[in-house]
Structures are given as structure tokens and as C-alpha cells.
Ligand code: PMP
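In my numbering, the protein residues as written are 526 to 881.
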């Protein structure tokens with residue numbers, strides 16, 4: 526499919542604000558990729574055009590029944606000034622798995638990837654400089670646009686990609702976070718949509734996050750819905766526990782998001798010959814190991830933070846202080862390795878980065 530382009534004249538283009546103004550997801554670039562779908566034509570007319578609002582029918586099915594999926598990945602400015610994407614096809618493939626689960630049409634991956642590259646070339650000046658940990662966040666999204674109030678799969682959709690320059694995740698340095706383990710709310714149930722990156726999962730998570738933040742915690746750690754004992758994942762991260770003699774992360778059992786950072790960390794740990802297990806783990810096991818002095822580190826993995834060291838876990842009124850609240854050695858090593866690959870500073874034996 527040919528990708529059409531409609532580009533703003535130079536005098537209407539805006540420029541990248543200073544690092545300090547960036548934050549996360551508040552500023553958007555000059556252009557976006559848009560591609561409609563209908564049952565007759567399938568996906569058609571992919572176009573890069575100026576960023577701006579859509580017009581939607583008030584009966585658009587996404588507004589009522591929530592057929593909405595999205596992805597999140599980053600483009601990095603390398604020291605050679607090139608633009609690097611980290612495992613972009615893994616995100617598009619995950620998006621297609623989300624689409625299938627939500628009865629939405631799958632995307633033509635090749636066309637979308639070509640469209641993303643065209644969009645990034647046009648808005649290349651929006652990829653922040655390499656030296657400060659900033660990057661360009663890429664948000665592919667698909668929503669049901671057909672007007673109608675019957676509950677069924679829509680027959681019309683819109684796919685789009687928007688871009689947002691984001692500041693360093695750790696502007697004041699790589700700091701451990703305080704996490705609240707909730708046994709009051711659950712995120713996903715077996716047979717539900719937990720492994721799909723669908724909007725409703727995030728809507729459902731907000732109340733727990735707000736309550737945790739009111740108590741001074743950064744994020745929520747979810748437990749399984751049935752027994753509320755097995756560790757699942759954090760707000761927007763998968764989780765790893767480093768014990769005296771092994772590293773453990775919960776398995777992809779259908780209720781957690783199969784994180785691309787999680788997968789990359791598992792591969793690096795295997796490269797480094799470290800013993801790692803993907804298995805169910807209870808919150809009691811974590812606390813007990815900490816009491817015995819056998820819990821060395823806990824960290825989250827996700828696109829936004831890459832690696833996020835956890836300084837403490839709060840569960841049922843008890844606090845588990847990890848590694849005296851300091852950054853762990855393994856978390857730091859993984860963070861340095863992954864970011865060096867992402868910014869093109871280091872060899873990439875797994876073929877994870879794509880240079881534009
Ligand atoms: N879990 C959830 C619920 C998330 O939203 C994310 C962020 N996409 C992750 C885990 C981490 O996934 P990834 O490493 O692909 O960013």
C-alpha cells in the first residue's frame with residue numbers, strides 16, 4: 526500500500542521544546558499516521574498528515590463499548606545522530622494479538638511499519654538529542670469508529686500513530702520506587718483481557734493507583750484475582766525478584782501483559798548465564814525471603830522506565846524494605862545494557878534495534 530503524505534509548510538511547523546518542558550505524553554509532534562478500515566475495503570489509504578483532532582460520530586462504538594487497543598514504544602537519537610527503534614515489530618505483533626482478542630481487524634504489519642518510518646522521517650527533528658535520556662514515545666492506537674449501539678464487533682475502525690517527545694524517566698537520577706501491593710482491587714481475571722493492551726484495563730486500574738498515590742506510593746502491584754496471593758505485574762511494568770540464588774518473574778499466564786522489556790531482560794539474563802525462572806510466586810514468599818535476608822533486589826521492566834528498581838513493597842500494613850532502599854547491582858547492569866543498545870551505543874547481538 527502506498528503511503529500518502531500531506532506535510533506542513535516549514536513556517537507552520539513547531540519545534541521541540543527544551544528538555545525540562547517535556548515530561549511524559551504532554552506534547553505531540555507536527556504529524557501523525559492515519560489509516561481507516563471498513564469491512565468492504567479493509568485497511569486503506571494510509572496517510573501521514575498534520576497532527577490534529579478527528580471528527581467522531583457520538584455513536585462511535587469505541588465511545589460506548591470500548592473497542593480500543595494501543596501500543597507504546599520509543600525512538601532514540603543515537604550518538605551518530607541516527608534514529609533507532611527498539612524491537613518495533615514486537616510491538617506491532619503484540620498489537621495484532623490484542624486486536625484478535627478484542628475482535629478488531631489485524632494490521633498489515635509491513636504497511637504500518639513503512640508508515641511509522643515515513644512519519645519518523647518527517648518529524649525527525651522531534652527526536653530529542655541523545656545525551657540526556659530523552660526519547661520520542663510512539664503511540665500506535667486502534668479504535669472502533671462505526672456509529673451504532675448494538676453490542677458486537679464494529680465494522681469500521683481507525684488506526685493512527687502519534688508521537689510525543691518525552692523527558693528522561695529519571696531526571697533526578699535512577700531512583701527506587703515505593704510500591705503498594707493491593708489485595709482490595711484486581712486488574713485481570715483468567716479468561717479476561719489482561720494480556721491485551723486494551724484501554725479498559727487501564728481505566729479499571731486508575732482507582733487503585735489513585736488510592737496508592739494518596740498514601741505516598743508510586744505504583745500498584747497487582748495480585749491474582751482468584752486467591753489474591755500470586756504476584757502479577759505493576760501498573761505499567763512487569764516485575765522481577767532477585768533472590769540469593771535465582772531470579773524469578775511471573776509467567777505469561779494470560780492475565781499479565783507480555784512485556785517486550787520483560788522478554789529482552791530474560792534474554793540478557795540467559796546470555797549472562799544467570800539462573801532465571803518464569804514461575805508463579807506468592808507475595809508471602811517474597812516477604813518471607815526478605816525476612817531471611819535472601820531477597821536481593823526487586824525491579825520492574827517496561828518501555829517507559831526500561832528498568833525501575835523497587836525500594837519497598839507495602840502489603841497488608843507491612844513494609845518490605847529491599848536492598849536498604851538502594852538500587853540493586855543487577856537492575857543497574859540491565860538498565861545500562863538495555864539503554865546502551867537502545868541508543869545504538871553498543872553491539873546489538875539480538876538484532877533488536879532498527880536504525881532509520
Ligand atoms: N504491563 C503493563 C500493564 C503495561 O502497560 C506495560 C507497558 N506497555 C508493561 C507491562 C511493560 O511492557 P513493555 O515492556 O512492552 O513496555
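Glycine included, C-beta positions come from ideal geometry on N, C-alpha and C. Note that this is a predicted model, so its numbers are computed, not measured.
Item to check | Whole beta strand (DSSP E) elements within the segment 604 to 685, 3-residue minimum | outcome: 608 to 611, 660 to 669
Checklist entry - What does DSSP give as the partner residues of residue 772 in its beta bridges? => result The residue you call residue 772 lines up with position 247 of the chain shown. Answer is 767, 801.
Checklist entry - Measuring from the CB of residue 782, is there a heavy atom of the ligand PMP at a distance below 8 Å? => result Here residue 782 is taken as the residue at index 257 of the chain shown, counted from 1. Under cutoff, so the answer is yes.
Next on the checklist: Give me, in chain order, the residues of the same chain whose beta-carbon lies closer than 7 Å to that of residue 871; leave out the 5 immediate sequence neighbours on both sides.
Outcome noted: Indexing the chain shown from 1 puts residue 871 at position 346. If we look at residue 871 and ignore the five residues flanking it on each side, its Cβ neighbours are 865.
Next on the checklist: Can you tell me whether residue 763 is buried or exposed? The criterion is at least 16 other CB atoms within 10 Å of its CB, across all chains shown.
Outcome noted: The sequence position of residue 763 within the chain shown is 238, counting from 1. Label assigned to residue 763: buried.
Item to check | Inter-residue Cα distance where the pair is residue 532 and residue 542 | outcome: Along the chain shown, read from residue 1 onward, the residue named residue 532 stands at position 7. Along the chain shown, read from residue 1 onward, the residue named residue 542 stands at position 17. Near 20 Å, if we compare the C-alpha coordinates of residue 542 and residue 532.
Checklist entry - Does DSSP classify residue 556 as helix, strand or coil? => result Mapped onto the chain shown, residue 556 falls at position 31. Residue 556 falls in the strand class under three-state DSSP.
Next on the checklist: Quick check: is any heavy atom of the ligand PMP less than 8 Å from the C-beta of residue 758?
Outcome noted: Locating residue 758 in the chain shown gives position 233, counting from the first residue. Yes, the beta carbon of residue 758 sits closer than 8 Å to at least one heavy atom of the ligand PMP.
Next on the checklist: Could you tell me the alpha carbon to alpha carbon distance between residue 557 and residue 821, rounded to whole angstroms?
Outcome noted: Here residue 557 refers to the residue found at position 32 of the chain shown. Here residue 821 refers to the residue found at position 296 of the chain shown. Cα to Cα, the separation comes out at about 44 Å.
Item to check | Secondary structure of residue 762, DSSP reduced to three states | outcome: Translated into positions along the chain shown, residue 762 becomes position 237. If DSSP states are grouped into helix, strand and coil, residue 762 belongs with the strands.
Next on the checklist: Going by DSSP in three states, residue 589 sits in which element: helix, strand or coil?
Outcome noted: Within the chain shown, the letter at position 64 stands for residue 589. Helix.
Next on the checklist: Assuming the contact rule is C-beta atoms closer than 8 Å, residue 645 and residue 600 should be a hit. Round their C-beta distance to whole Å, please.
Outcome noted: Position 120 of the chain shown, counted from the first residue, corresponds to residue 645. Position 75 of the chain shown, counted from the first residue, corresponds to residue 600. Indeed, because the Cβ distance is near 6 Å, the residues count as touching under 8 Å.
Checklist entry - Mind checking residue 731: buried by the 16 CB within 10 Å criterion, or exposed? => result As a first step, residue 731 must be located in the chain shown, where it is residue number 206. Exposed.
Checklist entry - Are the beta-carbon atoms of residue 720 and residue 622 separated by less than 9 Å? => result Position 195 of the chain shown, counting from 1, holds the residue named residue 720. Position 97 of the chain shown, counting from 1, holds the residue named residue 622. Taking 9 Å as the Cβ cut-off, residue 720 and residue 622 qualify as a contacting pair.
Checklist entry - According to DSSP, is residue 689 helix, strand or coil? => result Within the chain shown, the letter at position 164 stands for residue 689. DSSP places residue 689 in strand when its eight states are reduced to three.
Checklist entry - residue 741: buried (16+ other C-beta within 10 angstroms of its C-beta) or exposed? => result Position 216 of the chain shown, counted from the first residue, corresponds to residue 741. That one is exposed.
Checklist entry - Hey, how far is the Cα of residue 848 from the Cα of residue 867? => result As a first step, residue 848 is located in the chain shown; it is residue number 323 there, counting from the start. As a first step, residue 867 is located in the chain shown; it is residue number 342 there, counting from the start. Between residue 848 and residue 867, the C-alpha separation is close to 27 Å.
Next on the checklist: Tell me the residue span of the alpha helix (DSSP H) that contains residue 854.
Outcome noted: The count along the chain shown starts at 1 and reaches residue 854 at position 329. Residues 854 to 867.
Checklist entry - Could you give the C-beta distance for residue 559 and residue 638, rounded to a whole number, given that I count them as a contact under 8 Å? => result By one-based count along the chain shown, residue 559 stands at place 34. By one-based count along the chain shown, residue 638 stands at place 113. At roughly 16 Å, the Cβ-Cβ gap does not stay under 8 Å, so residue 559 and residue 638 are not in contact.
Checklist entry - Rounded to a whole number of angstroms, what is the C-alpha to C-alpha distance between residue 605 and residue 881? => result To locate residue 605, count along the chain shown from 1; it is residue 80. To locate residue 881, count along the chain shown from 1; it is residue 356. Taking the straight line from one Cα to the other gives about 12 Å.
Next on the checklist: To the nearest angstrom, how far is the alpha carbon of residue 816 from that of residue 770?
Outcome noted: The residue you call residue 816 lines up with position 291 of the chain shown. The residue you call residue 770 lines up with position 245 of the chain shown. Going from the Cα of residue 816 to the Cα of residue 770 covers about 16 Å.
Item to check | Any non-hydrogen atom of the ligand PMP within 8 Å of residue 763 CB | outcome: Position 238 of the chain shown, counted from the start, is the residue given in the question as residue 763. Within the cutoff, so yes.
Item to check | Cβ-Cβ distance between residue 789 and residue 664 below 9 Å | outcome: Numbered from its first residue, the chain shown carries residue 789 at position 264. Numbered from its first residue, the chain shown carries residue 664 at position 139. In this structure, residue 664 does not lie closer than 9 Å to residue 789 by Cβ.
Checklist entry - Considering residue 704, what are the terminal residues of the beta strand (DSSP E) in which it resides? => result On the chain shown, position 179 is the one that residue 704 refers to. First-last of the beta strand (DSSP E) with residue 704: 702 to 707.
Item to check | Cα-Cα separation, residue 670 to residue 861 | outcome: By one-based count along the chain shown, residue 670 stands at place 145. By one-based count along the chain shown, residue 861 stands at place 336. So the two alpha carbons sit approximately 42 Å from each other.
Next on the checklist: Taking the alpha helix (DSSP H) that residue 721 belongs to, which residues open and close that run?
Outcome noted: Within the chain shown, numbered from 1, the residue matching residue 721 stands at position 196. Per DSSP, residue 721 belongs to no alpha helix (DSSP H) and is neither H nor E.
Checklist entry - Buried or exposed: where does residue 765 fall if 16 or more other Cβ atoms within 10 Å of its Cβ makes it buried? => result Position 240 of the chain shown, counting from 1, holds the residue named residue 765. Buried is the call here.
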